[in-house]
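Here the protein sequences line up with chains V and X, keeping their order. By the numbering used here, the letter at position 137 of the first sequence is numbered 137, and the numbering carries on one by one without gaps. By the numbering used here, the letter at position 84 of the second sequence is numbered 1084, and the numbering carries on one by one without gaps.
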Amino acid sequence: MENPIIIPSILVSATASKLRSLFFVTALLLSGGSAFSADRVYQKPSDFIRGSLGKIPATKAITLNATQQKTVRAILGKRYKTTSIRYWSVGKKTALILEEVGKAEYITTGYVVSEGKISTVKVLVYRETHGWEVARPAFTKQLEGTQLKGGNQLSRPVKNIAGATLSVRALTKLARLALYLDSIK
Amino acid sequence: MTEPTPKIRRRNARNWHRWLGLVAAIPLLWLSISGLLLNHTAFLGLNEAEVSTGWILKKYNQVPEGDPRGIQVGDRKVSQWGKLLFLDHEDLQLNGNLVGGVAVKNRLVIATDERVAIVNGSGEMELDLDELSLPPLPVEGVGVEGQQLVLRSAGGTYRFSDDFLSFKEAEILLSTTSLSLLEDRARDELESAIRTRNAMPLSRVILDAHSGKIFGFPGTLLTDLAAISVIVLTILGLRLFPKRKL
């Protein structure tokens, strides 16, 4: 018979080790924690305006009347967070900083509209935990060059990103809103 | 050192299988039950059922930590609790730490250190001003001078135009009101309003409990360990499966 003492000691040690692991896992579990917050700041709004327009011009605002608010509601599916929306203009270029909720948090996005077409789109602050892929140029480039057609829809469809559907929808709605606001400013 | 005999190896495997099975039993039972529930959320009405329990909502950052502070402006109460801001009992979609609030020409102006909100008499936010339309941040004080908004910030004191879209530096001695702790009754009313409004769908809570995310990293780790346990138990079970030679 081979060393009969070794095996029980291994078993005892293994059992103690398993109990220790169980204790630590339980302690870790009870210590709690949250995995539901994340802010990604890609660019400050002022840097976006300065970069897009060459300077920061005086702030102007569109105050939406009842008819315009109705159209905005049709585009977004709800009211915009403010009843007046700021914009900045230089020549034919108009820059807007717009915010819309993806799933639970606001996504801050910069749009530049020139002659009825979107010329620049940039996600400035992304606060959701999932779906930040919409900030990649591969996605935002799709929106550039689009314009409004009938029913305040974009002139061409936007491809979805799996796992970021709500963020894609938010940015697409904001693109439509930017083009609409440019048309009424 | 000599190799253990097949009999000893078998006994080791059986012991590991037994103990690992015992340790992993509760997590695996939970994963199985929650998995079954998630497969039938619509049938069981779990999307409509809501959870408003305090500690669960805190995990989703829906009920803030710490003590709420606020300021009374006319008949409106502006308060901050954790990172969240409230106008009376409603959420105020504004970033930053509350600095103060004043009434200017039938409007309520609420200032944080990084934003200023202009709210009309119906409670709608008219403007949300950020660094693009504000003096150098952080905003340190808010007040009124001759029916015009005045802000004190890192760069000095500034008087705003009537449309709140432009400002000029001004020599004004600004008197501001500081924030005070909410009384127990006001705090309870605010917490109750938050719980009712921010209740989470039961299906979402079960999903996050299933994946372990609701408990943060420890929860995810426990779920991973339970999954690894299944793999190890399967391997040990297969080793034990052949019939013992008599």
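For each residue, glycine too, the CB sits at the ideal point set by N, CA and C. Every value quoted in this text rests on a predicted model; they were computed, and no experiment measured them.
Measuring only between beta-carbons, confirm whether residue i sits less than 8 Å from chain X.
i: SER84 (chain V); result: yes
i: THR59 (chain V); result: yes
i: SER183 (chain V); result: no
i: TYR42 (chain V); result: no
i: PRO157 (chain V); result: no
i: LYS173 (chain V); result: no
i: LYS81 (chain V); result: yes
i: ILE62 (chain V); result: no
i: SER46 (chain V); result: yes
i: ILE56 (chain V); result: yes
i: ILE75 (chain V); result: no
i: ILE97 (chain V); result: yes
For residue i, which residues from the same chain have a beta carbon less than 7 Å from its beta carbon, with the 5 sequence-adjacent residues on both sides left out?
i: LYS81 (chain V); result: GLU99
i: ASP1208 (chain X); result: ILE1214
i: GLY131 (chain V); result: GLY102, GLY163, ALA164, LEU166 and SER167
i: VAL1109 (chain X); result: GLY1101, VAL1102, VAL1116, ILE1118, VAL1142 and LEU1149
i: GLN43 (chain V); result: LYS122 and LEU124
i: ARG156 (chain V); result: THR146
i: LEU1174 (chain X); result: GLY1141, GLY1143, VAL1150, ARG1152 and THR1157
Buried or exposed for residue i, please, with buried defined as at least 16 other CB atoms from any protein chain shown within 10 angstroms of its CB.
i: ASP1128 (chain X); result: buried
i: PHE1164 (chain X); result: buried
i: GLU128 (chain V); result: buried
i: ARG1115 (chain X); result: buried
i: ARG176 (chain V); result: buried
i: THR1053 (chain X); result: exposed
i: GLU1160 (chain X); result: Looking at the sequence provided, one finds Phe at residue 1160 (chain X) rather than Glu. Classification of PHE1160 (chain X): buried, given that the 10 Å Cβ count is 16 or more.
i: SER183 (chain V); result: exposed
i: ASP1130 (chain X); result: buried
i: PRO1027 (chain X); result: buried
i: SER1122 (chain X); result: exposed
i: LYS1083 (chain X); result: exposed
i: THR1196 (chain X); result: exposed
i: ILE1071 (chain X); result: buried
i: THR1234 (chain X); result: exposed
i: LEU1236 (chain X); result: buried
i: SER1133 (chain X); result: buried
i: GLN142 (chain V); result: buried
i: SER1192 (chain X); result: exposed
i: PHE1043 (chain X); result: exposed
i: ILE118 (chain V); result: buried
i: ALA178 (chain V); result: buried
i: ALA1227 (chain X); result: exposed
i: GLY1074 (chain X); result: exposed
Do you know how far the Cα of residue j is from the Cα of residue i?
i: GLY116 (chain V); j: ILE75 (chain V); result: 17 Å
i: GLY163 (chain V); j: ARG169 (chain V); result: 12 Å
i: ALA27 (chain V); j: VAL1051 (chain X); result: Because ALA27 (chain V) carries a pLDDT of 46, less than 50, the predicted location of this residue cannot be relied on, and the following value inherits that uncertainty. Looking at the two C-alpha atoms, the distance is approximately 25 Å.
i: LEU1238 (chain X); j: HIS1017 (chain X); result: 11 Å
i: VAL1142 (chain X); j: SER1166 (chain X); result: 15 Å
i: GLU1169 (chain X); j: TYR1158 (chain X); result: 4 Å
i: THR63 (chain V); j: TYR87 (chain V); result: 11 Å
i: ASP1266 (chain X); j: MET1200 (chain X); result: Missing from the structure shown is residue 1266 (chain X); chain X here goes from 1001 to 1246 and no further.
i: ALA1013 (chain X); j: VAL1023 (chain X); result: 15 Å
i: SER89 (chain V); j: LEU1181 (chain X); result: 43 Å
i: SER1032 (chain X); j: GLY150 (chain V); result: 50 Å
i: ASP1091 (chain X); j: GLY1035 (chain X); result: 34 Å
i: LEU1085 (chain X); j: ASN1015 (chain X); result: 56 Å
i: ALA104 (chain V); j: LEU174 (chain V); result: 16 Å
i: GLN1004 (chain X); j: SER1229 (chain X); result: What sits at residue 1004 (chain X) in the sequence shown is Pro, not Gln. Between PRO1004 (chain X) and SER1229 (chain X), the C-alpha separation is close to 24 Å.
i: GLY145 (chain V); j: LYS93 (chain V); result: 13 Å
i: VAL1150 (chain X); j: LYS1077 (chain X); result: 20 Å
i: ILE1194 (chain X); j: HIS1089 (chain X); result: 8 Å
i: ILE1008 (chain X); j: VAL1232 (chain X); result: 18 Å
i: ASN1095 (chain X); j: TYR106 (chain V); result: 11 Å
i: LYS55 (chain V); j: ALA61 (chain V); result: 18 Å
i: PRO1064 (chain X); j: ASP39 (chain V); result: 18 Å
i: PRO1006 (chain X); j: PRO1242 (chain X); result: 12 Å
i: SER37 (chain V); j: LEU1020 (chain X); result: Because SER37 (chain V) sits at a pLDDT of 48, beneath the cut-off of 50, its placement in the model cannot be relied upon, and the point is left open.
Apart from the five residues just before and just after residue i, which ones in its own chain have a Cβ nearer than 8 Å to its Cβ?
i: ASP1162 (chain X); result: LYS1105 and GLN1148
Is there a Cβ from chain V that is less than 8 Å from the Cβ of residue i?
i: ASN1131 (chain X); result: Per the sequence presented here, residue 1131 (chain X) reads as Glu, with Asn not at that position. Chain V contact via Cβ: present.
i: GLU1126 (chain X); result: yes
Using a Cβ-Cβ cut-off of 6 Å (strictly less than) and excluding sequence neighbours within five positions of residue i, which residues of its own chain qualify?
i: SER186 (chain V); result: This structure gives no information on residue 186 (chain V), because the portion of chain V shown stretches from 1 to 185.
i: ASN1047 (chain X); result: THR1041, PRO1201 and SER1203
i: THR1049 (chain X); result: According to the sequence shown, residue 1049 (chain X) is Ala rather than Thr. Contacts found: LEU1202.
i: GLU1145 (chain X); result: ILE1172
i: LYS1059 (chain X); result: ILE1214
i: ASN1097 (chain X); result: THR1112 and ASP1113
Within 8 Å of chain V by C-beta, residues of the stretch 1152-1169 of chain X in sequence order: ASP1163, LEU1165 and SER1166
Residues, ordered as in the chain, of the stretch 1090-1113 of chain X that lie near chain V by beta-carbon distance below 8 Å: GLN1093
Residues of the stretch 119-142 of chain V with Cβ closer than 8 Å to any Cβ of chain X, in chain order: none
Short-range partners of chain X found in the stretch 104-117 of chain V, where Cβ spacing is below 8 Å: TYR106
Chain X contacts from the stretch 145-170 of chain V (Cβ-Cβ distance under 7 Å): none
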